[in-house]
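Same order as they appear, the protein sequences are chains Z and V.
Under the working numbering, the residue at position 80 of the first sequence is numbered 706, and the numbers go up by one with no gaps.
Under the working numbering, the residue at position 379 of the second sequence is numbered 385, and the numbers go up by one with no gaps.
All C-beta atoms, glycine included, are put in the ideal place defined by N, C-alpha and C.
So the structure is just underneath, and the comments pick up after that.
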Amino acid sequence: MGMLEQVRLGAVVSQEPSLSERALLQYEVEQFLYAEAALLDARKHREWLGLLADDIHYWMPIRRTTTLAEVDREFTKLGDMAYFDDDRALLEIRVRKLEAGSAWSEDPPSRSRHFVSNVRILDIAGDEITVEACFHLYRSRLERDVDSWIGRRVDVLRRTDGSFRLAKRHLFLDQTVILSTNMSTIF
Amino acid sequence: MADGTQVGHAWDRAEILSLFDPTTGVLDRRVLSDEALYQLELERIFARSWNFMCHDSQIPEPGDYFINYIGEDQVIVVRDEDGGVNVLLNTCRHRGNALCRAEQGHAKSFVCSYHGWNYGLDGRLIGVPGLKAYYRDEIDRSKLGLHKARAESYLGFWYATLAPDAPSLHDFLGDVGRTGLGMVCAHGEVECVDGIQKNVISCNWKIAVDNLFDWYHVAYSHASANTAGFMDISQILHPKNQMVMLGEYGHGIGGPGIPQEKQDQIDAMSDEERLAASRAAPPNSPRIRPSKAKKLMGPVGVRSEGHPNIFPNLWITMSGLQMCLRLPRGPSKTELWWFTFVPKDAPPALRRNMIWQANHVFGPAGILEQDDGENWSQSTSAARSLSSRALGQYIGMGLGKDQAVAGEQGEHYIESCVGEHGQRWLYRAWTEWMAARDWADLKANHTAPPTGVV
Chain Z
627 MGMLEQVRLG
637 AVVSQEPSLS
647 ERALLQYEVE
657 QFLYAEAALL
667 DARKHREWLG
677 LLADDIHYWM
687 PIRRTTTLAE
697 VDREFTKLGD
707 MAYFDDDRAL
717 LEIRVRKLEA
727 GSAWSEDPPS
737 RSRHFVSNVR
747 ILDIAGDEIT
757 VEACFHLYRS
767 RLERDVDSWI
777 GRRVDVLRRT
787 DGSFRLAKRH
797 LFLDQTVILS
807 TNMSTIF
Chain V
7 MADGTQVGHA
17 WDRAEILSLF
27 DPTTGVLDRR
37 VLSDEALYQL
47 ELERIFARSW
57 NFMCHDSQIP
67 EPGDYFINYI
77 GEDQVIVVRD
87 EDGGVNVLLN
97 TCRHRGNALC
107 RAEQGHAKSF
117 VCSYHGWNYG
127 LDGRLIGVPG
137 LKAYYRDEID
147 RSKLGLHKAR
157 AESYLGFWYA
167 TLAPDAPSLH
177 DFLGDVGRTG
187 LGMVCAHGEV
197 ECVDGIQKNV
207 ISCNWKIAVD
217 NLFDWYHVAY
227 SHASANTAGF
237 MDISQILHPK
247 NQMVMLGEYG
257 HGIGGPGIPQ
267 EKQDQIDAMS
277 DEERLAASRA
287 APPNSPRIRP
297 SKAKKLMGPV
307 GVRSEGHPNI
317 FPNLWITMSG
327 LQMCLRLPRG
337 PSKTELWWFT
347 FVPKDAPPAL
357 RRNMIWQANH
367 VFGPAGILEQ
377 DDGENWSQST
387 SAARSLSSRA
397 LGQYIGMGLG
407 KDQAVAGEQG
417 EHYIESCVGE
427 HGQRWLYRAW
437 TEWMAARDWA
447 DLKANHTAPP
457 TGVV
C-alpha cells in the first residue's frame with residue numbers, strides 16, 4: 627500500500643510496484659467499476675448513490691467539431707455550458723426524480739447497459755486513484771427507441787473505509803450533436 | 007408512404023388555410039407530418055423569414071465564424087475585415103461541397119476541400135486552382151461567389167433571410183419580437199456563454215415551438231422536478247396571472263405576467279432597491295428588471311415573465327437567460343440548439359448561478375426538459391398514422407372567453423388564466439405564411455393582432 631501511494635505510473639520512481647501489485651489494483655478498480663455499472667443497469671439508483679463521495683463532481687462538457695488547428699477548443703471548459711455539471715445534491719435530485727413515478731422520460735423505465743473498457747490507472751495520489759476508461763452506454767426504450775453513447779471518461783476513486791467512493795466522473799462524449807431525445811439515464 | 011405523406015399532393019391556398027380553424031381550435035394533424043407541407047415550409051417559412059444566426063459576442067473578431075442553418079440550408083456566419091457580418095450558404099459554387107466543416111472557429115478564408123476553390127470572408131471567389139492552365143482564364147469569378155443571405159442585427163443578435171423582398175429585421179420583429187430580444191438584454195449588455203447544447207428529437211418542429219406557450223403542461227409533464235425537490239413548480243407557474251402578447255407575423259409571448267399593481271410597486275423602486283430585492287429572492291425566481299428594461303421591452307412587455315417566440319422557431323426562456331432554436335430536420339425531426347446569455351458585467355457569483363440554472367433546467371439532460379421530448383415525438387407519430395391523424399388536435403382552451411386589449415404603444419395582449427391563445431396565434435400565422443406566395447401577399451393577407459373577444 628505504501629509503495630502504491632507514492633507511485634505515478636509512467637514516471638521514474640525509486641520503488642516501482644511489482645506487476646502483481648499493479649495487477650491486483652487493476653483488478654480491484656475494474657471490479658468496482660463493473661459493480662457500479664451493474665447497479666445502474668439493475669436500476670438500483672439509491673444504492674448507486676451510496677458509492678459517491680460527498681464532494682463528487684459529475685461533468686460532461688459540450689463537444690463540438692473544430693479544425694485540427696483549433697482542436698484545443700473542442701470541449702467547453704469548466705464553468706461554461708455543459709450537458710452535466712452536477713454535485714452530489716444534484717445527483718440525488720436525479721435519483722429522486724427517477725423514483726418519483728412521474729419522470730415520464732424514464733417511466734416506463736429504459737433498459738440500459740453500461741459497458742466499461744480500456745481501463746487504465748493514470749495516477750495514484752494519496753488515497754485517490756485516477757482511472758481512465760472507455761464507456762458505452764446503450765439505452766433501449768419503449769418499443770424501438772435506441773440510444774448509444776460512447777466516449778472516454780476520467781474517474782477518481784477514493785479509498786474510504788476499505789472500499790472506493792467515486793469522487794469525480796468527467797465524461798467526454800464522442801457525439802457533438804446529441805442524437806437522442808434526452809439524456810435521462812445516469813452515465 | 008411510410009411517413010404519412012400524400013405523395014405529390016400540391017396544397018392549394020384554400021386547403022392550407024383550412025388546416026387550422028381558429029374559431030374551433032382544431033388543428034389538422036397533417037400539419038405535423040405531411041412531407042409536401044414540410045417542403046413548402048422550407049420555402050415559404052424558413053427561406054422567407056428572418057432566422058436567428060448568433061450573437062455578436064460569438065464572433066467578435068474578423069474571421070470568427072459560427073455555423074447555423076436557414077431551414078435545412080447550412081450557412082456560415084462570419085465577421086469580415088470591416089467588422090460586418092456575412093451570412094453565406096456553405097456550399098461551393100463548383101460542385102457543392104461544404105467549405106466550412108467545423109461548427110465554429112476562425113478562418114482567413116474558406117477553402118473547399120474538394121478542388122481548392124478559395125472564398126473570402128465576404129464570400130467572393132478569390133482563388134481557383136488551375137485558373138489559367140485548365141480553365142484557360144475563362145471563368146467569371148465575380149459570378150461564382152458564395153450565395154449571400156441578407157444579414158441584419160438588433161441588440162447584437164444577428165439574423166439572416168434568403169428573401170430579397172423581406173421587410174427590414176426591425177419591421178419583421180415588430181413590438182413583440184423586439185420585446186423578446188429586449189428581455190435577454192433587460193439587465194444590461196450580454197455575452198453568449200461558451201457552448202451550444204444540441205440534440206435531436208423525433209418530433210415536428212412546430213410541436214416543440216407551440217409547447218413554449220403551453221403553461222398548462224408544466225405542472226403535469228414536469229411533476230417529477232417538483233417531487234425530486236429541484237424546483238417548486240407552483241412558484242413559477244402563476245396560472246391565474248398569465249399574459250399573452252400577440253405580435254404581427256406570428257410572434258407571440260405567453261406565460262406569467264406581472265400584474266400592473268405589482269409592476270407599479272417595482273416602478274416606484276430605485277435600481278439599487280430592485281437589485282437588492284432581486285438578490286434576496288429565492289433561486290429560480292426571475293430577477294426584478296432595472297428601470298431601463300421598460301425602454302427595451304415596452305410598458306406591457308416589461309410585465310412579462312413568460313416565453314417569447316420569435317416566429318418561426320426562436321424561443322426565449324428563463325426570463326431571457328436562454329434561447330432555443332428549433333431547427334427543422336424533416337417533418338418528424340427537430341434539432342434543438344440552446345444559447346445562454348449572461349450580462350457582461352455580472353459578478354462571478356451571479357454568472358455562476360445563471361450558468362448553473364441554464365445547465366440544469368433545460369437541455370437534453372435538464373431536469374425539466376428531459377420529460378418533454380417523448381410527449382412531442384409521440385404526438386408527432388400519431389399525426390402520421392392513418393386513423394389517428396384523421397382526428398385532428400383540439401387546441402381550444404380559453405377560446406372566446408378572453409379579451410385582447412391594446413396597450414398605450416399599440417401592444418396587443420390578453421390577461422387571463424392559463425389558456426391556448428398563443429398556440430392558436432402560432433397556427434393561424436402558420437397557415438397565412440404557408441398560403442402566401444411572397445412577402446407582398448403575406449403583408450396583404452395576414453391577421454393583424456386583434457382587440458376584443460379572442
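The beta carbon of Ala679 of chain Z sits closer than 6 angstroms to the beta carbons of Arg784, Arg791, Ala793 from its chain, once the five residues preceding and following it are set aside; these are given in chain order.
Met329 of chain V is bridged by DSSP to V:Ile322, V:Phe345. Counting the other Cβ atoms within 10 Å of the Cβ of Ala113 of chain V gives 16 or more, which makes it buried. For Ala16 of chain V, the secondary structure class from DSSP, reduced to helix, strand or coil, is coil. Around Trp730 of chain Z, the beta-carbon contacts reaching into chain V at under 8 angstroms are Ser227, Ser230, Asp377, Glu380, Asn381. Note that the stretch 418-434 of chain V does not touch the stretch 793-806 of chain Z; fewer than 3 beta-carbon pairs, one per stretch, sit closer than 8 angstroms.
With a 10 Å radius around the Cβ and a threshold of 16 neighbouring Cβ atoms, Arg765 of chain Z comes out buried.
Separation of the CB atoms of Ile401 of chain V and Arg430 of chain V is rounded to 6 angstroms, and the pair is thereby assigned contact status at 8 angstroms. Within chain V, no residue has its CB atom less than 8 angstroms from the CB of Leu704 of chain Z, the nearest being about 11 angstroms off.
Beta-bridge partners assigned by DSSP to Lys114 of chain V: none are found. In this structure, the CA atom of Met249 of chain V is about 18 angstroms from the CA atom of Ala225 of chain V. Taking a contact as a CB-CB distance under 8 angstroms, the pair Gly326 of chain V and Ala214 of chain V does not count as one, their CB atoms being some 19 angstroms apart. Between Asn290 of chain V and Ile242 of chain V the beta-carbon gap is near 7 angstroms, inside 8 angstroms, which marks them as a contact. Taking 8 angstroms as the cut-off between beta carbons, the residues of the stretch 779-811 of chain Z near chain V are Thr802, Val803, Ile804, Leu805, Ser806, Thr807, Asn808, Met809, Ser810, in sequence order.
Closer than 7 angstroms to the CB of Asn103 of chain V there is not a single CB belonging to chain Z. Taken in chain order, the unbroken stretches of beta strand (DSSP E) that lie wholly in the stretch 368-455 of chain V and span 3 residues or more are 409-412, 418-422.
When C-beta distances to chain V are compared with 7 angstroms, the residues of the stretch 710-721 of chain Z below that value are Phe710, Asp711, Leu716, Ile719, in chain order. Fully enclosed alpha helix (DSSP H) runs of no fewer than 4 residues occupy 277-286, 299-307 of the stretch 274-323 of chain V, in order along the chain. Only Thr233, Ala234, Gly235, Phe236 from the stretch 233-246 of chain V bring a Cβ to less than 8 angstroms from some Cβ of chain Z. Collapsing the DSSP output to three states places Met59 of chain V in a strand.
Secondary structure within the stretch 181-257 of chain V: the beta strand (DSSP E) runs of 3 or more consecutive residues, fully enclosed, are 196-198, 203-207, 248-252 (chain order). About 6 angstroms separates the beta carbon of Tyr71 of chain V from that of Cys106 of chain V, a gap short enough to meet the 8 angstroms contact definition. According to the DSSP secondary-structure assignment, His366 of chain V is paired through a beta bridge with no residue. In this chain, the beta strand (DSSP E) harbouring Asp749 of chain Z covers 737-751.
With 16 or more other Cβ atoms inside 10 Å of its own Cβ, Asn315 of chain V counts as buried. Interface flag for Val199 of chain V against chain Z is set, since a Cβ pair is found closer than 7 angstroms. In the structure shown, Ala53 of chain V adopts coil according to DSSP, grouped into three states. As computed with DSSP, Ser338 of chain V is found in no beta bridge at all. Boundaries of the alpha helix (DSSP H) around Ile719 of chain Z: 714-725. When secondary structure is reduced to three states using DSSP, Glu642 of chain Z falls in the coil class, being assigned neither helix nor strand. Bridge partners of Trp164 of chain V according to DSSP: V:Cys60, V:Ser159. Using a Cβ-Cβ distance cut-off of 8 angstroms, the stretch 274-282 of chain V and the stretch 387-395 of chain V are not in contact, since fewer than three pairs of beta carbons, one from each stretch, lie closer than that value.
In this structure Ala751 of chain Z is exposed. Its beta-carbon is surrounded by fewer than 16 other beta-carbon atoms within 10 angstroms. CA-CA distance, Arg714 of chain Z to Glu41 of chain V, rounds to 46 angstroms.
From the listed residues Z:Ala649, Z:Leu666, Z:Gln652, Z:Tyr709, the smallest Cα separation to His796 of chain Z is found for Z:Tyr709. Excluding residues up to 5 positions away in sequence, Leu95 lie with their Cβ nearer than 6 angstroms to the Cβ of His153 of chain V in the same chain.
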